[in-house]
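Participant: Got a structure for you, written out below as structure tokens; questions coming shortly.
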Ligand code: HEM
Ligand SMILES: *[C@@H]1O[C@H](CO)[C@@H](O)[C@H](O)[C@H]1NC(C)=O
Ligand SMILES: *[C@@H]1O[C@H](CO)[C@@H](O)[C@H](O)[C@H]1NC(C)=O
């Protein structure tokens, strides 16, 4: 009897280990995933990104953001790139993306080039990850080795993209912390990743409430932004302002310095330095490029690890805009 019980316990433990290894363990992405199957992948991607950013510097910011919005919705699976089909609505028109996420044409250009070099080998999800890395580097930011081996989803998830998993710009600090924790990212990761707002732009509709209604804002900064963004909702909604007023085209630590001066453009920026638990991190990043870069790089790699499709899951899409 005792013996049987022990056997049952052993079998159950064994089955649980099998299930763990099949479905729950962190899939292993590696930086040399394509070194044999597509050796010229990195220079091919870099060249297209370089051209696009030379033509329009903001594109670097847009490509970096694309990676974030891909990873937070069902993991880094290229789902954000899918157009609507007859069987699903894509993520492109979900609240956080509609009229704001950009860079799809650049991804298309890279994909068709990579398909010519190594047909059917490199996923769209990995192209987005490499592109984000190259974009940061091109604007003077840190370089890191991107982990690869993600596969592409066959479906998009409009509902998830609209559900608040991507936190809104009106977020409280608590909401930001919770939303990142739900993805396995720490508060430190969140503050470092927010440093991405050292480049790029935001539309009036995302910061109107802050510049007209909040008191933790530098007055001359608020006044200058009000000239870009009229108070009446519906007027000038798409007018854009830079997220880092000091050096919007350089991947530096000036975003954090501006937060200390109460010149965060979004509510979700300023809450990082507003008397709460993350003030000390903002101060640390504002003083040390090394501290910011090393935490940013670690957090980007961790964000790239969010629920990838690997092995025989998903597919390698031929066209990033639709499933095969
Ligand atoms: C912490 C939570 C975050 C919130 C609430 C947030 C919100 C926003 C908003 C509202 C915009 C402007 C979008 C528009 O105009 O419609 C924006 C732009 C941007 N975000 Fe974030 N973001 C967050 C985190 C991140 C992260 C983690 C990254 C990347 C690592 C990122 C990268 C960017 C970039 C580069 C832009 C400028 C894009 C461009 O100019 O095209 N953001 N963000
Ligand atoms: C996306 O934006 C367009 C243009 O402003 C608008 O007509 C459309 O209704 C929006 N889509 C969704 C799903 O909200
Ligand atoms: C300012 O806040 C008030 C009260 O919440 C709101 O009715 C108004 O629309 C806000 N103004 C702007 C420009 O967001």
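Numbering (mature numbering (1 follows the signal peptide of the UniProt record, and there is no 0)), first residue to last: -27 to -1, 1 to 297.
The beta-carbon is built from N, C-alpha and C at its ideal position, and this holds for glycine as well.
Keep in mind the model is a prediction, meaning the values are calculated, not measured.
Can you round the beta-carbon distance between residue 185 and residue 204 to whole angstroms, since I take them to be within the 8 angstroms contact cut?
Facilitator: In the chain shown, counting from the first residue as 1, residue 185 sits at position 212. In the chain shown, counting from the first residue as 1, residue 204 sits at position 231. About 5 angstroms; that satisfies the 8 angstroms criterion.
Participant: Grab me the residues of residue -4's own chain with a C-beta within less than 8 angstroms of its C-beta, minus the 5 sequence neighbours each way, in chain order.
Facilitator: Mapped onto the chain shown, residue -4 falls at position 24. Low confidence applies to residue -4: its pLDDT is 47, below 50, so where it sits in the model is not reliable enough to give any reading.
Participant: Identify whether residue 211 lies in helix, strand or coil by the three-state DSSP scheme.
Facilitator: Along the chain shown, read from residue 1 onward, the residue named residue 211 stands at position 238. Residue 211: coil per DSSP, three-state reduction.
Participant: Would you report the Cα separation of residue 69 and residue 178, rounded to the nearest angstrom?
Facilitator: Against the chain shown, residue 69 aligns to sequence position 96. Against the chain shown, residue 178 aligns to sequence position 205. One C-alpha to the other measures close to 12 angstroms.
Participant: Say yes only if the C-beta of residue 71 is nearer than 6 angstroms to one or more non-hydrogen atoms of ligand 2, and no if none qualify.
Facilitator: For the purposes of this step, residue 71 is taken as residue 98 along the chain shown, with counting starting at 1. Yes - ligand 2 has a heavy atom lying nearer than 6 angstroms to the Cβ of residue 71.
Participant: Apart from the five residues just before and just after residue 198, which ones in its own chain have a Cβ nearer than 8 angstroms to its Cβ?
Facilitator: In the chain shown, residue 198 corresponds to position 225, counting from 1. Same-chain partners within the cutoff: 180, 184, 214, 238.
Participant: Distance check for residue -21 and residue -27, CA to CA, integer angstroms please.
Facilitator: The count along the chain shown starts at 1 and reaches residue -27 at position 1. The count along the chain shown starts at 1 and reaches residue -21 at position 7. Bear in mind that a pLDDT of 49 at residue -27, under 50, signals an unreliable position, so the number given afterwards is only what the model happens to contain. Residue -27 and residue -21: Cα-Cα distance of roughly 10 angstroms.
Participant: Cβ of residue 66 within 6 angstroms of any heavy atom in ligand 2?
Facilitator: What you label residue 66 is simply residue 93 of the chain shown in a count that begins at 1. Within the cutoff, so yes.
Participant: Can you tell me whether DSSP reads residue 20 as helix, strand or coil?
Facilitator: Against the chain shown, residue 20 aligns to sequence position 47. Residue 20 falls in the helix class under three-state DSSP.
Participant: Please find out if some non-hydrogen atom of ligand 3 comes closer than 6 angstroms to the beta-carbon of residue 295.
Facilitator: For the purposes of this step, residue 295 is taken as residue 322 along the chain shown, with counting starting at 1. No.
Participant: When burial is assigned at 16 or more other CB atoms within 10 Å of the CB, is residue 155 buried or exposed?
Facilitator: Counting from 1 along the chain shown, the entry for residue 155 is found at position 182. Exposed, because fewer than 16 other Cβ atoms sit within 10 Å of the Cβ of residue 155.
Participant: Beta-carbon separation of residue 114 and residue 41 under 7 angstroms?
Facilitator: By one-based count along the chain shown, residue 114 stands at place 141. By one-based count along the chain shown, residue 41 stands at place 68. No, the Cβ-Cβ distance between residue 114 and residue 41 is not below 7 angstroms.
Participant: Nearest-angstrom Cα distance between residue 385 and residue 134?
Facilitator: Because the chain here runs from -27 to 297, residue 385 falls outside it and cannot be looked at.
Participant: If I follow the unbroken beta strand (DSSP E) through residue 205, where does it start and stop?
Facilitator: The count along the chain shown starts at 1 and reaches residue 205 at position 232. Careful: residue 205 lies outside any beta strand (DSSP E) and carries neither H nor E.
Participant: Kindly confirm or deny that the stretch 234 to 253 and the stretch 124 to 143 touch, where touching means at least three C-beta pairs closer than 8 angstroms.
Facilitator: Yes, since at least three Cβ pairs between the stretch 234 to 253 and the stretch 124 to 143 fall closer than 8 angstroms, the two stretches touch.
Participant: Are the CB atoms of residue 279 and residue 48 nearer to each other than 7 angstroms?
Facilitator: Mapped onto the chain shown, residue 279 falls at position 306. Mapped onto the chain shown, residue 48 falls at position 75. It is a contact, given that the beta carbons lie within the stated cut-off.
Participant: Is residue 39 near residue 101, with beta carbons less than 7 angstroms apart?
Facilitator: Within the chain shown, residue 39 is the residue found at index 66, counting from 1. Within the chain shown, residue 101 is the residue found at index 128, counting from 1. Cβ distance < 7 angstroms, so residue 39 and residue 101 count as in contact.
Participant: What distance in whole Å lies between the Cβ atoms of residue 37 and residue 169, which are believed to be in contact at a cut-off of 8 angstroms?
Facilitator: As a working mapping, residue 169 is identified with position 196 in the chain shown. As a working mapping, residue 37 is identified with position 64 in the chain shown. Indeed, because the Cβ distance is near 6 angstroms, the residues count as touching under 8 angstroms.
Participant: With DSSP as the reference, label residue 198 as helix, strand or coil.
Facilitator: Indexing the chain shown from 1 puts residue 198 at position 225. Looking at residue 198 - three-state DSSP - the assignment turns out to be helix.
Participant: Are the beta-carbon atoms of residue 116 and residue 61 separated by less than 7 angstroms?
Facilitator: Taking the chain shown and counting its residues from 1, the one referred to as residue 116 is at position 143. Taking the chain shown and counting its residues from 1, the one referred to as residue 61 is at position 88. No, the pair does not count as a contact, with Cβ atoms beyond the cut-off.
Participant: Could you tell me if residue 232 is buried or exposed, where buried requires 16 or more neighbouring beta carbons within 10 angstroms of its beta carbon?
Facilitator: The count along the chain shown starts at 1 and reaches residue 232 at position 259. Result: buried.
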